[in-house]
Structure formats: structure tokens, C-alpha cells
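Engineer: Taken in order, these protein sequences are the chains called E and Z.
To convert, note that position 37 of the first sequence is 30 in our numbering; the numbers rise steadily by one, no gaps.
Take the position in the second sequence, starting the count at 1, then add 741; the result is the number in our numbering.
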Amino acid sequence: MDLRQIKNLMKEFEDSNIHKLEINEDGLTIKLEKADLITPTVSPVYSPVVSQHNQSINETPKLESKEVISNNLEIKAPLVGTYYDSPNPDARPYVSLNQQVSKGDTLFIIEAMKVMNEIKSPVAGIVKAINVSDSTMVEFDQVIIEIEEL
Amino acid sequence: MFEKNLIKFDIIDSTNKYLKQNVSSLKSGTVVDAKSQTNGYGRKNRIWFDNGVNNLSFSVLLKLPIKNDLPVLTQAVAAAITNTLDLLGLYAEIKWPNDIIISGKKVAGILLETIINDDIANVIIGVGLNVNSTMFNDEIKHIATSLLIESNQKHNLDYLRDIIVNNIFSNVLKYMNDDYSFLDICRKRSFLIGKKVFLDGDTSKEALVSGIDQLGRLVVLINNKEEKFYGSEVSLKGVYSQGEK
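1) Spell out a yes or no on whether the region 932 to 949 of chain Z and the region 968 to 978 of chain Z are touching, meaning 3 or more CB-CB pairs, one atom from each, closer than 8 Å.
2) Mind listing the chain E neighbours of Gly957(Z)? Cutoff is C-beta to C-beta under 7 Å, in chain order.
3) Closer than 9 Å, Cβ to Cβ, to anything on chain E: give me those residues from the region 835 to 857 of chain Z, in chain order.
4) Going by C-alpha to C-alpha distance, which of Lys758(Z), Ser911(Z) and Lys966(Z) sits closest to Ser798(Z)?
5) Reducing DSSP to helix, strand and coil, say where Leu56(E) ends up.
6) For Ile857(Z), which of Leu802(Z), Ile890(Z) and Asp827(Z) has the nearest alpha-carbon?
7) Buried or exposed: which applies to Lys96(E), given that a residue is buried once 16 or more other Cβ atoms fall within 10 Å of its Cβ?
8) Compare the C-beta of Ser874(Z) against all C-beta atoms of chain E and say whether one is closer than 8 Å.
9) So for Met917(Z), helix, strand or coil by DSSP?
10) Does the beta carbon of Glu111(E) come closer than 8 Å to any beta carbon on chain Z?
11) State the beta-bridge partners of Val772(Z) as determined by DSSP.
12) Where does Ser892(Z) fall in DSSP's three states?
13) Using the DSSP secondary-structure output, state which residues sit across from Asp840(Z) in a beta bridge.
14) In chain order, what residues of the same chain lie with their CB nearer than 8 Å to the CB of Ile119(E), ignoring the 5 residues before and after it?
15) Using a Cβ-Cβ distance cut-off of 8 Å, determine whether Asp859(Z) contacts chain E.
16) Would you check if the distance between the CB atom of Ala775(Z) and the CB atom of Ile752(Z) is smaller than 8 Å?
17) Determine, using beta carbons only, whether Pro806(Z) comes closer than 8 Å to chain E.
18) Is Pro82(E) close to chain Z, meaning its C-beta is less than 8 Å from at least one C-beta of that chain?
19) Grouping DSSP H, G and I as helix and E and B as strand, with all else coil, what is Thr815(Z)?
20) Can you tell me whether Thr756(Z) is helix, strand or coil according to DSSP?
21) State yes or no: is the C-beta of Ala931(Z) within less than 8 Å of the C-beta of Ile842(Z)?
22) In the DSSP output, which residue or residues are listed as bridge partners for Thr825(Z)?
23) Measuring straight from C-alpha to C-alpha, what distance separates Ile123(E) and Asn918(Z)?
24) Using a threshold of 7 Å, is the CB atom of Lys768(Z) nearer than that to any non-hydrogen atom of the ligand ADP?
25) From Ile890(Z) to Arg85(E), what distance separates their C-alpha atoms?
26) So, is the C-beta of Leu72(E) closer than 8 Å to a C-beta in chain Z?
27) Would you mind giving the Cβ-Cβ distance between Ser800(Z) and Thr756(Z), rounded to the nearest angstrom? I have them listed as a contact below 8 Å.
28) Could you give the first and the last residue of the continuous beta strand (DSSP E) run that contains Lys969(Z)?
29) Compute the Euclidean distance between the alpha carbons of Leu708(Z) and Asp827(Z), then round it to the nearest angstrom.
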């Protein structure tokens, strides 16, 4: 089971009338429990992504339904890794605040295990927020950049 | 999901770059082969590799549904290369995450780049393999080798490329079906397991490599505490440090 499936499971659980759920599968144990019948808590024993700086995704993941609603499109990290704002240390950042971007423009890179992952803009818009500093670790699904769609 | 389609160049700046620049118009399974690259690149300098006509340098484009464990594909490619070298009777090891080693020297390197567009990962797999080079200069002869040096015979570049690509396709299909059995090869052929290393190029970050986990991450013991490492920089303590990360 990967993180996406776990997140889907959490959503299904949140929407259900079940208050407690435990799954054992291939050495992976997931326990979901709704505290006070409102907030689900998650304690995945399995942690597919752990940074070398002792950051861990074992923390209770944020639920997307709880995020502040804005008109900005959130560009998230598709995997755990190191965030880079430019193609190499000597180059200018791909994008800066309030910059207009076209659909398909490269926004940033996430590197993991020597795989360089270029993230493209899915829309044309204006960069309204850059939430991460260059060369820092990011987690799966962490919001990196917010774009106001044009 | 992908169908092999070969494009050959006599000379090109970089096969990975060509695929990146033409990613939208090329089909999944496109292989770009260059007799010579003028600006082939790895993450660091590439002094181990001879970009000349004696060696193999090619890139493969795959268009895959996105999964959050994409970096494990480097291990799928590494296993594909060691399997191919087995056919030649050459015992190769894998220095996690992306170097192929024979007799303690680097013979091949892998560079994966992905371009993520909505829910599709355009995966570009670059492979450089020293095949028929006969000698290296003094600066690198201690860290680099070739198939010719190791086997005392020349090898056909097209034949080798085709087998490696077929093995890559086979392992990528397994990956798409959540079958990560290629990691067993990476464990058996690990050049690092059981050795002490430095992480992130930091000599104060000493670790003992204990394994490779189910997602291809390096499992290390730091002060007897187990951690999963998915960074890039792993230097062997004491040896094999010059020009090699």
C-alpha cells in the first residue's frame, strides 16, 4: 500500500460511520481511530518516506479538507526529497514571487536518490507563494508553490 | 505502455537533454543512442566516462502514471544492467544508488530525470557504459574500467544496448505491477552493504550500510540506530572517494 492509497483510505474512513479501523497487510499495520468522533488519527507503522534529517511522515498527516480555502492552485511535492528552486546552484530560480508562468513551465525540482524530478506548472498563472527554501527537505504532498490561475 | 523506437545520432550534446526537449512529441519507449555526446552529464563531473565512440551512451523515455516511489526506478535500471553483464560472464556490483562497479571500479552510471506533468511522469533514463575503452588516463585509471578491460574482448554496442533496454522495460513493467523483485538483485549485488560510509559528503556523518529497503532506499545504522536514507551522496570510507560520489 502506498501513501496515496493510505490517504484515500483516510478519506474513506473520515467519511464513514466507522470509528475505529485496523488493517494488517504484508507487515504493514494501519490503525485509524476517530477521537471524539470528529478527528481521525493515523498511526502508520510503515513509513515509506523518512528524511535523513530525522523528519518523518509518521506525524499525523494534514487532511486536505481542513486546508484553508483559497483560489490559488497548490502545487505539491509528488514525492519526498530535496527541493531545488533552480536547475543548478549557479542558475537563477525557475520562478519568483509574482512571476507570471505559462502552462508547462518548470516550477521546481525535487531530488530523491539521485533522481531529478522537474515539476511543471499545470496552468497559466501568477506565482502567489513559494513556501519552501532552496535545498530543503520536503514531504510527499507538501504544498510548495501556490499559483493564481489566469 | 511503451514500445521501443530507436533514434540514433552520430553526435549529440546530450541524449537526456534531447528527450527532455522533445518530451511532448516523442512516444513512451523512445530510445536515443549517440555514438558520441559532447555534453553528456551526470550529477557531478563524469571523469569516469569516456564519451567517445567506443562506449555506450543512450537515454530511454518512458511515460508512466505517477507513483510516489519513482526513485526506485534507478534500482530497476541498475538491476537490468547487472543482469545484462551477467550474460557476458561479468560480475558487476551496484554502488547505490546509480553506479555499476566491476572489480571495484566504475564501469557504468545511471542518471534518471523525470518531468512531472499533472498525473504523468515522463521518466528519462540515461545510461553511460564504458564498453570498448582500452585505457584511461592516470587520473582515473584507479576508479574507472571498461567491459573490454574486464573481459579481454570487444563487445557489440548495439547488441548490448538492445539487451539492456529490454531488461529495463522488463523491470519497469514489474515496477508498474508493484513487483519490486529487482531489488533482490540490488541487495545481492550491493557494493555498499556491510561497509562504512559517509552520508551527504559529511565526514562526521558516518554510517554502516545494512541493507536496501522495499522502496529502494539505503538502510543505514548511525550510532546503532537504523535510518532510511534517500539522499544522494554516499562516500565509501577510506577508499574510492576521489571523483566518486
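Every residue, glycine too, gets a C-beta built ideally from N, C-alpha and C.
Structural biologist: Reading from the atomic positions:
1) yes
2) Met106
3) Trp837, Pro838, Asn839, Ile851, Leu852, Leu853, Glu854, Thr855, Ile856 and Ile857
4) Lys758(Z)
5) Confidence at Leu56(E) is low in this model, with a pLDDT of 41, below 50, so its placement is unreliable and the value that follows should be read with caution. Reduced to three states, the DSSP call for Leu56(E) is coil.
6) Leu802(Z)
7) exposed
8) no
9) helix
10) yes
11) Leu747(Z) and Val801(Z)
12) helix
13) Lys836(Z) and Gly850(Z)
14) Asn91, Gln92, Gln93, Val94, Ile140, Glu141 and Leu143
15) yes
16) yes
17) no
18) no
19) helix
20) helix
21) In the sequence as presented, Ala is not what sits at residue 931(Z); that position holds Ser. In this structure, Ile842(Z) does not lie closer than 8 Å to Ser931(Z) by Cβ.
22) Note: Thr825(Z) sits in no beta bridge, so no partner.
23) 35 Å
24) For the structure depicted, the ligand ADP is absent and the ligand set is empty, with no information on it obtainable.
25) 42 Å
26) yes
27) 4 Å
28) Lys966 to Phe970
29) Past the boundaries of the shown model lies residue 708(Z); chain Z is included only from 742 to 986, so the question cannot be answered.
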